[in-house]
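So the structure is just underneath, and the comments pick up after that.
There are 4 protein chains.
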Amino acid sequence: MDARTNNRVKIGVLGASGYTGAELVRLLSHHPAAEFAFLTADRQAGKPYGDVFPHLARLDLPDLIAVDDADWGSADVVFCGLPHGTTQKIVATVLEAAPATRVVDLSADFRLSDTDAYAEWYGHPHWAPEWQPEAVYGLTEVHREAIRRARLVANPGCYTTTCELPLIPLVTTGLIDPDTIIIDAKSGVSGAGRGEKLGSLHSEMSESVQAYGLKGHFHVAEMEQELGNAAGHPVTITLTPHLIPMNRGILATCYVRLADAGVDDLRACLAEAYADEPFVHVLTEGVAPATRDVRGSNHCRIAVFPARPAGTAIVLSVTDNLVKGASGQAIQNMNVMLDLPETAGLEQEALFP
Amino acid sequence: MDARTNNRVKIGVLGASGYTGAELVRLLSHHPAAEFAFLTADRQAGKPYGDVFPHLARLDLPDLIAVDDADWGSADVVFCGLPHGTTQKIVATVLEAAPATRVVDLSADFRLSDTDAYAEWYGHPHWAPEWQPEAVYGLTEVHREAIRRARLVANPGCYTTTCELPLIPLVTTGLIDPDTIIIDAKSGVSGAGRGEKLGSLHSEMSESVQAYGLKGHFHVAEMEQELGNAAGHPVTITLTPHLIPMNRGILATCYVRLADAGVDDLRACLAEAYADEPFVHVLTEGVAPATRDVRGSNHCRIAVFPARPAGTAIVLSVTDNLVKGASGQAIQNMNVMLDLPETAGLEQEALFP
Amino acid sequence: MDARTNNRVKIGVLGASGYTGAELVRLLSHHPAAEFAFLTADRQAGKPYGDVFPHLARLDLPDLIAVDDADWGSADVVFCGLPHGTTQKIVATVLEAAPATRVVDLSADFRLSDTDAYAEWYGHPHWAPEWQPEAVYGLTEVHREAIRRARLVANPGCYTTTCELPLIPLVTTGLIDPDTIIIDAKSGVSGAGRGEKLGSLHSEMSESVQAYGLKGHFHVAEMEQELGNAAGHPVTITLTPHLIPMNRGILATCYVRLADAGVDDLRACLAEAYADEPFVHVLTEGVAPATRDVRGSNHCRIAVFPARPAGTAIVLSVTDNLVKGASGQAIQNMNVMLDLPETAGLEQEALFP
Amino acid sequence: MDARTNNRVKIGVLGASGYTGAELVRLLSHHPAAEFAFLTADRQAGKPYGDVFPHLARLDLPDLIAVDDADWGSADVVFCGLPHGTTQKIVATVLEAAPATRVVDLSADFRLSDTDAYAEWYGHPHWAPEWQPEAVYGLTEVHREAIRRARLVANPGCYTTTCELPLIPLVTTGLIDPDTIIIDAKSGVSGAGRGEKLGSLHSEMSESVQAYGLKGHFHVAEMEQELGNAAGHPVTITLTPHLIPMNRGILATCYVRLADAGVDDLRACLAEAYADEPFVHVLTEGVAPATRDVRGSNHCRIAVFPARPAGTAIVLSVTDNLVKGASGQAIQNMNVMLDLPETAGLEQEALFP
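Quick note, the sequences are listed as chains G, D, P and X, same order.
Counting along the first sequence from 1, when you hit position 59 you're at 62 in this note's numbering, and nothing is skipped either side.
Counting along the second sequence from 1, when you hit position 117 you're at 120 in this note's numbering, and nothing is skipped either side.
Counting along the third sequence from 1, when you hit position 118 you're at 121 in this note's numbering, and nothing is skipped either side.
Counting along the fourth sequence from 1, when you hit position 194 you're at 197 in this note's numbering, and nothing is skipped either side.
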């Protein structure tokens, strides 16, 4: 029996053949306290991981297996990177079968605390309503204490992470009007996943920009839940996601109305809120963030600018949608859950150019 | 003497070594009624045009000359593609030296009718205030009749063209509140010109998105002038330009408040306004435009969507920044000025993929 | 009955929902002598063309129909843009059903004159061997006279067009050794078509370059056939295709051994061979071609450089894979077949940037 | 006095405002045994490093200083990322002023052991011929023992590293003919540096591919030196570099003639040569490398394929030009020089997508 192995956190990854799965493996393979118990991918079961992701071929990893062949009890933490809508039942299975195992779910399936709201937004009933009360919304910097005690963390989406980090403190302190927030968000293509879709083809995507999800993007429900909690009353927001011809990165341009506050107050509020946070950085006056500055890293960079009409401001926020917007924050949450150093496995700098 | 030649419109292009200059040459070389009198580019004077732009090397074009060597009288129409701030004096020279020559200026130098406002926005006095009253703002679909009679057309910028085409009819008819317009605009890199700037390098720009001009983009003045004229009172807008890792294209996402109108009213208003226009297309309900759909063409595609908060809407508009946003519209204006078919030289479809 | 209509060439396009189909439609819609009889796309039958390709939505086009619903006799010329291997039977059907109709096939199905060689390279028998003798290989500049009389033209592939234009004259004249040719070819992603394949995703393709088809790319058979014909004996070549993160364009870097000739002789040979050709341009000494210089156009640009080892040279050639490498050349061939001006519909300049 | 500090290797970086400089800082900031003594950049002297490279703004780094203000003795190792041709004199100054300091030069200035050959290739005399004999060519896997003892390492270029890793063992063992090697190399744009050059603009580079350096690329001299040493006699090679529209990565496609060997022998030779190397990976039969698989990492992936003509083969090799092709290998060399674990600071996986 290998003593080193036994001291490490055993990790299971469900849906390891997607981009968020690969990103979990990339980051966790250098986590000082983690090792892999299993990696699942039904359609690729039996393959060496490096056949699916050659950039990770040199790592010593278990071969991919089918979800049904996973031994839940062998994992201390299961990361679930399965598609939205397919996750609730399997997470319920894991939680029931392996009482000591904790789950970080990267899908949207447990992000809405209200299962009726879930049914309305997603067009089908919640398949594991009995587990919803256990789910803690995993925006680490905001819900750290609840995450620490959680068995099931609902990891936020990339849009919501990028928007909520700057907006929640501003809404909580009452510095901005929570009822007139407009968010124009720009995302790289990897956010659409590794599925073979026409809209994700290089020839379709490159040299073009477009809005999408204009009939109602499901991330809105999640944002309205969290911003409403911060405001103390239900809020309605405008969110327009756009697809940008790049792989990674998300930029949220948020148009807000000041509530008896100046632009400098907003910047000061955010600077204070995140003063001790390792991953959230409030930029000095006049500096605007670019997604290249966080590419491949778990960092979020935030800036506040005055807008031309009096009493309004622009709040800018960037993350890497696959890291702080998905797998990086999932690992950050695991670190919190297990009382490991929060930055473990996440210390890599952004890759530029 | 060649009779065919004499029937053609003689064209001079100032600043022919920039991207808008190249685009003028590309389009005008297939214009049925145009031929080139001269092409200027001070730093490249003496060179064959194909040495500067190999994609046009096969055309039979005059060599580049210095501006000072141009014979103004040899041109019926002079297109001026010089940098902002350097154009006023030279346009004055042309207009004075060659009374029969007409000018389409692609810079921002004559776009503001109020020379005091110009001085304020640009930080220096207007260098040809005596000619400003002659300048007609060249948004063709809106100012066609005045353009027809103009000697000097101030061609609008790419951001303004893209935003004003959808917004002016909505403001004019009072369907939207002109005082709360927020425009989030996304532009390809060619809008920054062919200058050798750090921010335009491939390694800096690709795989990244960012906002810029946050301290006040000069296009705002132009938009506020035109939207204010449409509204009948001064307006203040929010405009945030963003740089997108693509060469061509601009997408404006406009957030507007409805004034006693429904979203369908907005769409109907625009459809009616542009029903007979060859270059402006209002999309049917539910269809969103992408910049790839207008790449290389003089078309503008517009869509209207409801936004989530009651009483608000999203207006989307795309153009190719170098064509309808610059050189294409300049040629369209020339066609109007000379009573040529308005689509002459501009009938090319978009290039996709 | 519309007299104008009756004077026009009626065009049918099979497989109009692919990129080569769209490119045929883009170009033919501005052809002075063409109009569309039908456009087929089985999976999209019933849809307006603009729903499938919004960049062409403004054109007045017939809706898409299923192949089985096409009236072959209604078309003077049928362009066949169906996948390799599916075309032989349908072309046979067209040719038999409509004796006056002529066919330009853009697939590889009729490019090999030897049906046994076809069976060997493609792993299945030729499905229409009786029609193979009718097929003329459609490299316009080389086989113009045979194309003029052909009922069935096998339009060359993009790799082959780009390579054969420079190499055939050099092999024919004996200036280079035909038995040691090495071609390193770089293609944009649109060459892989509009199919929803993992390898064509933006996230997979962008920011990466790779070789493919290393086990034997079928274009080799076509090139060896044509170069062998030029040499007068069978030749074996090396061809390595590479995927480049761009949409359009193909660059062939050909490494050749001189046969009692100097590098200048090669350039002179090519300059003479293409002196009167509207679409093939031999660059002056020291100038290298880039794919951006032909983007969207039917042009081919060729350069010859000395290589470092004595007696060797590098021949560079660029085309747009969707135009001269596919749909443009197909239209050029139609023009030849119908004795129309060869440049009709193909006069557009390259789009840069 | 901080004991921890004193045990660390003090690093100086000359030319820290370029891409290789930034990459040194990115990697060394996580090196377990390194810390920065100074970072120089004459034109940016006085600025915080994060103003020049915001992606590294969160690091605790010394401000940029002018080269003349550097205290050479304060650094145990100086990395020199200055432009080619400007480095010899400054390296001589460092080596003379600080006898205990060791230098890894990333420029080409000390790569040619023959100073006459240097003068011929570069068009000017070598400015520090007295130090040339001290310089060890820093292809780590090949010259490890000499590097260990070196005071001055001439770090190889990105093209040469990528080509020499596969070719040197094949030439050394006599498995391939060293006199007929043809290398077709494809590089991302970052290889051209952060200089504000027309050819590096996004609008020029993206959506295009081209060859360059056709009149003789200086990397040829370096490759011929090393391959000639391996062969035991002078060799002449063909190398054609190409610019690819991506930021990072280099792919070398090498066309070789077998010398009494089979393709499998080549693969076996390389597999054996690099069996114990942490950064060089020989792929199994049939698998081709892509640059995305090494992006951001210090790895090199190599594959061997048969070419169609008997007796020939294709050898493929990929690296990240800024890591194994520059800064990563420089750090690897430092690790060897200082007897640190060779992978220290270089363990990061590739970033994909």
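Glycine included, every Cβ here is placed at the ideal spot set by N, Cα and C.
For this session: Taking only beta-carbon positions, decide if residue 61(G) is within less than 9 Å of chain P.
Result: no
Problem set entry | Sequence-distant residues of the same chain with beta carbon closer than 6 Å to residue 124(X), five excluded per side | 221 and 224
For this session: May I ask you to report which of helix, strand or coil DSSP gives residue 202(D)?
Result: helix
For this session: Return no unless some Cβ of chain D is closer than 9 Å to the Cβ of residue 205(X).
Result: yes
Problem set entry | Reduced DSSP category for residue 345(G) - H, G, I as helix; E, B as strand; rest coil | coil
Exercise. Measuring CB to CB, does residue 206(X) end up less than 9 Å from residue 330(D)?
Worked result: no
For this session: Tell me the start and end of each unbroken alpha helix (DSSP H) in the region 182 to 267 of chain P that is at least 4 residues and wholly inside, in chain order.
Result: 205 to 208 and 222 to 234
Problem set entry | Status (buried if at least 16 other CB within 10 Å, exposed otherwise) for residue 294(X) | buried
Exercise. Which same chain residues, not among the five before or five after residue 241(P), have their C-beta less than 8 Å away from its C-beta?
Worked result: 184, 185 and 186
Exercise. With 16 as the cutoff for other CB atoms within 10 Å, does residue 4(G) come out buried or exposed?
Worked result: Low local confidence applies: a pLDDT of 34 at residue 4(G) is under 50, so the model's placement there is unreliable, and no value is given.
Problem set entry | Burial state of residue 10(D) (16 or more Cβ within 10 Å) | exposed
Problem set entry | Own chain partners of residue 6(P) with C-beta closer than 6 Å, once the 5 adjacent residues on each side are dropped | With a pLDDT of 38 at residue 6(P), under the threshold of 50, the predicted position of this residue should be treated as unreliable, though the coordinate-derived value follows. Hits under 6 Å: none found.
For this session: Could you list the residues in the region 168 to 180 of chain X with a C-beta less than 7 Å from some C-beta on chain G, going in chain order?
Result: none
For this session: Label residue 243(G) either buried or exposed according to how many other C-beta atoms from any shown protein chain fall within 10 Å of its C-beta, with 16 as the threshold for buried.
Result: buried
For this session: Might you give, ordered along the chain, the residues of its own chain that have their beta carbon closer than 6 Å to the beta carbon of residue 138(P), omitting 5 neighbours on each side?
Result: 113, 155 and 157
For this session: Pull out every residue of the region 192 to 223 of chain D whose Cβ sits closer than 9 Å to any Cβ of chain C, in chain order.
Result: Annotation note: the requested chain C is absent from the structure, which comprises protein chains G, D, P and X.
For this session: Output yes or no for whether 9 Å exceeds the beta carbon distance between residue 354(P) and residue 29(D).
Result: yes
Problem set entry | Contacting residues, own chain, Cβ-Cβ under 6 Å from residue 20(G) (five flanking each side not counted) | 44, 47 and 55
Exercise. So, is the C-beta of residue 187(P) closer than 9 Å to a C-beta in chain X?
Worked result: yes
Problem set entry | residue 7(D) at chain X interface by Cβ criterion, 9 Å | Below a pLDDT of 50, predicted positions are generally treated as unreliable, and residue 7(D), at 39, falls in that range; the measurement from the model is reported next regardless. Not an interface residue.
Exercise. For the region 249 to 274 of chain D, which residues have a CB atom closer than 8 Å to at least one CB atom of chain G, in sequence order?
Worked result: 249, 250, 251, 252, 254, 256 and 258
For this session: Check whether the Cβ atoms of residue 358(P) and residue 326(P) sit closer than 9 Å, and answer yes or no.
Result: No statement about residue 358(P) is possible, as the shown extent of chain P runs from 4 to 356 and does not include it.
For this session: Mind listing the chain D neighbours of residue 312(G)? Cutoff is C-beta to C-beta under 7 Å, in chain order.
Result: 239 and 241
Exercise. Does any CB atom of chain D fall closer than 9 Å to the CB of residue 4(G)?
Worked result: Interpretation of residue 4(G) is limited by its pLDDT of 34, a score under 50 that renders its predicted location unreliable; the figure taken from the coordinates is listed afterwards. No, residue 4(G) does not count as interfacial toward chain D.
Problem set entry | Three-state secondary structure (DSSP) of residue 38(G) | strand
Exercise. Quick one: which chain G residues come within Cβ less than 8 Å of residue 25(X)?
Worked result: 355
Problem set entry | Chain-order list of residues whose beta-carbon lies under 7 Å from that of residue 247(P) (same chain, five-residue window excluded) | 189, 190, 191 and 212
Exercise. For the candidate residues 233(P), 180(P) and 136(P), whose alpha-carbon lies nearest to that of residue 263(P)?
Worked result: 180(P)
Exercise. Does the Cβ-Cβ distance between residue 94(G) and residue 106(G) come in under 9 Å?
Worked result: yes
For this session: Output the distance between the C-alpha atoms of residue 121(X) and residue 166(X), rounded to the nearest integer angstrom.
Result: 20 Å
Exercise. List, in order along the chain, the chain D residues whose C-beta lies closer than 8 Å to that of residue 47(P)?
Worked result: Within 8 Å Cβ-Cβ: nothing; residue 47(P) doesn't reach chain D, min ~16 Å.
For this session: For residue 66(X), decide whether its Cβ has a neighbour in chain G, counting only Cβ atoms nearer than 9 Å.
Result: no
For this session: Could you tell me whether the Cβ of residue 52(X) comes closer than 9 Å to any Cβ of chain G?
Result: no
Exercise. Counting contacts by CB-CB distance shorter than 9 Å, is residue 117(X) in contact with chain P?
Worked result: no
Exercise. Beta-carbon separation of residue 110(D) and residue 88(D) under 9 Å?
Worked result: yes
Problem set entry | Closer than 9 Å to chain G by CB, residue 32(X) | yes
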